[in-house]
Amino acid sequence: TETDTEEEGNEEAGEKLVIGFSQVGAESEWRTANTKSIQDAITDAGHELKFSDAQQKQENQIKAIRSFITQKVDAIVFSPVVETGFETVLQEAKDANIPVFLADRSVDIEDDSLWTTFLGSDFVEEGRKAGNWLVEEMADEEGPVNIVELQGTVGSAPAIDRKEGFEEIIGSEDKFEIIKSQTGDFTRAKGKEVMEAFLKSDGENIDVLYSHNDDMAIGAIQAIEEYGLKPGEDIIIIGVDAVRGAFEAMADGKMNVTIECNPLFGPQLVDLIEQHFAGEELEKRIAVEESMYTMDQAEELLPTREY
Ligand code: GYE
Numbered sequence: 053t054e055t056d057t058e059e060e061g062n063e064e065a066g067e068k069l070v071i072g073f074s075q076v077g078a079e080s081e082w083r084t085a086n087t088k089s090i091q092d093a094i095t096d097a098g099h100e101l102k103f104s105d106a107q108q109k110q111e112n113q114i115k116a117i118r119s120f121i122t123q124k125v126d127a128i129v130f131s132p133v134v135e136t137g138f139e140t141v142l143q144e145a146k147d148a149n150i151p152v153f154l155a156d157r158s159v160d161i162e163d164d165s166l167w168t169t170f171l172g173s174d175f176v177e178e179g180r181k182a183g184n185w186l187v188e189e190m191a192d193e194e195g196p197v198n199i200v201e202l203q204g205t206v207g208s209a210p211a212i213d214r215k216e217g218f219e220e221i222i223g224s225e226d227k228f229e230i231i232k233s234q235t236g237d238f239t240r241a242k243g244k245e246v247m248e249a250f251l252k253s254d255g256e257n258i259d260v261l262y263s264h265n266d267d268m269a270i271g272a273i274q275a276i277e278e279y280g281l282k283p284g285e286d287i288i289i290i291g292v293d294a295v296r297g298a299f300e301a302m303a304d305g306k307m308n309v310t311i312e313c314n315p316l317f318g319p320q321l322v323d324l325i326e327q328h329f330a331g332e333e334l335e336k337r338i339a340v341e342e343s344m345y346t347m348d349q350a351e352e353l354l355p356t357r358e359y
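Residue numbering for the sequence shown follows full-length UniProt numbering, beginning at 53 and increasing consecutively.
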């Protein structure tokens, strides 16, 4: 009968998987878009999702992964808040024969048999793009160029790598100096608070803000305005992520550039999970494609931005 044929068709389309997803938190616009992209992709493909928000705390992620193992999920999607300290729990998943897909952030662990693949952006390259933009922007300046840096979450891959890539580039010219560098935990509120402290101690001396994400930059922009300076003019503002809020700030002339970090890789991730269960061998490292956008492009591109 027709029904039989349809059922067969469904079986051929692949098995329904139970997927546990341990997400970092809800600290930024980027994260909200990423969570939705992954959740939608999993459920749209007909799989069952078990979701856990770690609120930026490693111990919550370790608990979530243990609970996924106890519930015998088929696969675990894991976005590690920090790079280190997950060996034991990842070994437990491996012992239980549950494949782990690292999404967005990676770990700093030698034994790469503890995960199946890592799908995410190249954060060092993002830092380099930020550095290269600044070097060009300041080509005619004699210097010194005083930079303050808002770092992401301490110990997280994007904070470590975006700092490294940026320093690698600006380090080639003596006129650049990072005069202050502190974490703002990737949130607007913390970005504003730390920028207030930077302004209090260094005020008019600050030429550039390099922020590891747009949300902290947006918080900092508020602090700069309240201090009585013009963000985007008196202080050059560099962000990362390319979220809608950054395009709005750029369209208002308050932010100069944002380096894209694309969070909408849910469908690509689900493809990889399905490929794995179809018996395919996956590369250990798979990259997400991205670009960079400046103030003069903001108004035109704003309506096309999906996050
Ligand atoms: O840039 C930031 C978020 O891990 C790439 O985390 C992600 C970063 C993103 O909080 O906004």
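Where is the CB? At the ideal position from N, CA and C, for every residue including glycine.
Ligand 1 has no heavy atom closer than 7 Å to the beta-carbon of F138. Around the beta-carbon of R180, 16 or more other beta-carbon atoms lie within 10 Å, marking it buried. Beta-bridge annotation (DSSP): G305 is not paired with any residue.
Minimum Cα-Cα distance from T122 among the listed residues A148, F218, V159, Y345 corresponds to A148.
Taking a contact as a CB-CB distance under 8 Å, the pair Q113 and S74 counts as one, their CB atoms being some 5 Å apart. Under the Cβ criterion (8 Å, minimum of three pairs), the stretch 244-257 does not count as touching the stretch 209-228.
Exclusion of R337 from the 7 Å shell around ligand 1 follows from its C-beta lying no nearer than that to any non-hydrogen atom of the ligand.
Annotation for N184: I221 place their beta carbon closer than 7 Å to its own, counting only its chain and skipping 5 residues before and after. Nearest C-alpha to T140 among D126, V159, H264: V159. Every alpha helix (DSSP H) of 4 residues or more that sits fully in the stretch 210-290 is shown, in chain order, as 240-254, 266-279. With respect to I289, M268 sits apart: the two C-beta atoms are not nearer than 8 Å. F153 and F329 have their C-alpha atoms roughly 12 Å apart. When secondary structure is reduced to three states using DSSP, K336 falls in the coil class, being assigned neither helix nor strand. For T84, the uninterrupted alpha helix (DSSP H) run begins and ends at 81-96, by DSSP.
Taking a contact as a CB-CB distance under 8 Å, the pair D213 and W82 does not count as one, their CB atoms being some 15 Å apart. Within its own chain, the residues whose Cβ lies closer than 6 Å to the Cβ of E100, once the five positions on either side in sequence are excluded, are V70, listed in chain order.
Separation of F138 and R357 (C-alpha to C-alpha, rounded to the nearest whole angstrom) is 35 Å. Taking 7 Å as the cut-off, one finds at least one heavy atom of ligand 1 near enough to the beta carbon of F238. The beta carbon of V129 sits no closer than 7 Å to any heavy atom of ligand 1. Across the structure, I199 and I311 are spaced so that their CA atoms are roughly 17 Å apart.
Comparing alpha carbon positions, the residue from D304, K244, I230, F120 closest to V260 is I230. Taking a cut-off of 8 Å on C-beta distances, the stretch 314-334 touches the stretch 85-95, as three or more cross pairs fall below it. For M344, the enclosing beta strand (DSSP E) begins and ends at 344-346. Rounded to the nearest angstrom, the Cβ distance from F130 to A155 is 7 Å, consistent with a contact under 8 Å. DSSP places N198 in the strand class (E or B) of the three-state scheme.
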